[in-house]
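To start, the structure under review is shown below, and the notes come after it.
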Amino acid sequence: MVVSNADYRKFDGTLREVLSGNAEQRQELKQYLEERYQRGECFYGIHVSDSALVTCMINDYTDNHFHFIDGADGGYAMAATMLKQQLKTE
33 MVVSNADYRK
43 FDGTLREVLS
53 GNAEQRQELK
63 QYLEERYQRG
73 ECFYGIHVSD
83 SALVTCMIND
93 YTDNHFHFID
103 GADGGYAMAA
113 TMLKQQLKTE
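Going left to right, the sequence shown walks through residues 33 to 122 as the numbering used here numbers them.
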């Protein structure tokens, strides 16, 4: 139920995700994104946390509810700080 009611659709052209992985996977992702950034193909922000927060908005327990998922210790806001710094240097 959490997956089907998660906030995964973005309407501003920006992808935002909370991912789970180990240190090696995180390094591979950072390297991939950094290479794309250096080529001018994307901007990105990353924040690493050892836990996540789930906030639920419930209008009806059957199907009219959704979940906001964010990394702890700042999550999206901290990743946005990194992203904004990249945008500033352009």
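Beta carbons: idealized from backbone N, C-alpha and C, even for Gly.
Rounded to the nearest whole angstrom, the CA to CA distance from phenylalanine 98 to leucine 65 is 29 Å. Under DSSP, threonine 87 shares a beta bridge with Phe100. Residue environment: glycine 72 is assigned as exposed (fewer than 16 neighbouring CB atoms within 10 Å of its CB, all protein chains considered). Within 10 angstroms of the beta-carbon of alanine 84 lie fewer than 16 other beta-carbons, which makes it exposed. For the pair arginine 58 and asparagine 91, the Cα-to-Cα distance works out to about 36 Å.
Cβ-Cβ separation between glycine 106 and histidine 79: approximately 6 Å, consistent with a contact (criterion under 8 Å). Nearest neighbour of glutamate 49 by Cα position, chosen from Met110, Glu56, Lys120, Ile101, turns out to be Ile101. Non-local C-beta neighbours of glycine 103 in its own chain, meaning closer than 6 Å and more than five positions away in sequence, comprise Val50, His79, Ser81, Ala84, ordered along the chain.
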